[in-house]
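Visitor: Here it is, the structure, as structure tokens.
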Amino acid sequence: MPAKQIRISWPAGSITASLDASTPTAQALAKALPFASTASTWGEEVYFDTGVSVSRETDARQVVEPGTVAFWTEGDSLALPYGPTPISHDGECRLASPCNILGSLDGDAGLLATVRAGDPIRVELIED
20 MPAKQIRISW PAGSITASLD ASTPTAQALA KALPFASTAS TWGEEVYFDT GVSVSRETDA
80 RQVVEPGTVA FWTEGDSLAL PYGPTPISHD GECRLASPCN ILGSLDGDAG LLATVRAGDP
140 IRVELIED
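Whatever position you read off the sequence shown (first residue = 1), add 19 for the working numbering.
Structural data, given as structure tokens:
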């Protein structure tokens, strides 16, 4: 399946991401779009509730590259790390627990530094 592109917007900016449409989690998320949520932050990670509930996939990972689009199954949330979190070692992006990997942000993940806890978030599908 081809990649799906989404746009994630907040008051200070927006960023697009490419999702691997072949994963069950990405398919479930795409069906829920568009949706609005409220941002939370944890170190250099932004996460927010999606209203989607899925199981952890077999290739879930806890340590990822900056800009990875991950799904935290324990919180039904998208997790968007752009740098170290409070449990990181040596500057890595370490998520709270293993997360399903959906894809990656397009462009500079550092834009997420402008997201503040409590900011409204909107996620929508970019139509071809």
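The beta carbon of each residue, even a glycine, is placed where N, CA and C say it ideally should be.
1) Distance check for A40 and Q46, CA to CA, integer angstroms please.
2) Less than 9 Å separating the beta-carbons of L121 and E64?
3) With DSSP run on the structure shown, which of helix, strand or coil describes P103?
4) Relative to the C-alpha of D109, which candidate in I25, G126 and E84 has its C-alpha closest?
5) In the stretch 65-110, which residue ranges form an unbroken beta strand (DSSP E) of at least 3 residues, counting only runs that do not cross its ends?
6) Using beta-carbon positions only, say whether T133 and A31 come within less than 9 Å of one another.
7) Determine the direct distance from the alpha carbon of T77 to that of A136, and round the result to whole angstroms.
8) Can you find the residues in the same chain that come closer than 6 Å, C-beta to C-beta, to R75, ignoring five residues on each side of it along the sequence?
9) DSSP three-state call for K117: helix, strand or coil?
10) Within 10 Å of its beta-carbon, does I106 have 16 or more other beta-carbons around it, so buried, or fewer, so exposed?
11) Looking only at C-alpha atoms, which of V88, T69, G126 and S116 sits nearest to P139?
Guide: In this structure, then:
1) One-based indexing of the sequence shown puts residue 46 at position 27. One-based indexing of the sequence shown puts residue 40 at position 21. Spanning the two alpha carbons is a distance of roughly 6 Å.
2) Against the sequence shown, residue 121 aligns to sequence position 102. Against the sequence shown, residue 64 aligns to sequence position 45. It is not a contact, given that the beta carbons lie outside the stated cut-off.
3) For the purposes of this step, residue 103 is identified with residue 84 of the sequence shown, where counting begins at 1. It is coil, neither helix nor strand.
4) Counting from one through the sequence shown, the residue named residue 109 turns up at place 90. Ranking the options by Cα distance to D109, first place goes to E84.
5) If we require 3 residues or more, the beta strand (DSSP E) runs fully inside the stretch 65-110 come out as 80-83, 87-91 and 96-100.
6) Taking the sequence shown and counting its residues from 1, the one referred to as residue 133 is at position 114. Taking the sequence shown and counting its residues from 1, the one referred to as residue 31 is at position 12. A contact, by the Cβ cut-off of 9 Å.
7) Locating residue 136 in the sequence shown gives position 117, counting from the first residue. Locating residue 77 in the sequence shown gives position 58, counting from the first residue. Cα-Cα distance, rounded: 31 Å.
8) Taking the sequence shown and counting its residues from 1, one reaches residue 75 at position 56. Same-chain partners within the cutoff: T92.
9) In the sequence shown, residue 117 corresponds to position 98, counting from 1. First, the residue type needs correcting, since residue 117 is Pro and not Lys in the sequence shown. In this structure, P117 counts as strand in the three-state DSSP scheme.
10) On the sequence shown, position 87 is the one that residue 106 refers to. Counting Cβ neighbours within 10 Å, I106 comes out exposed, since fewer than 16 surround it.
11) Walking along the sequence shown from the start, residue 139 turns up at place 120. Measuring from the Cα of P139, the nearest candidate turns out to be T69.
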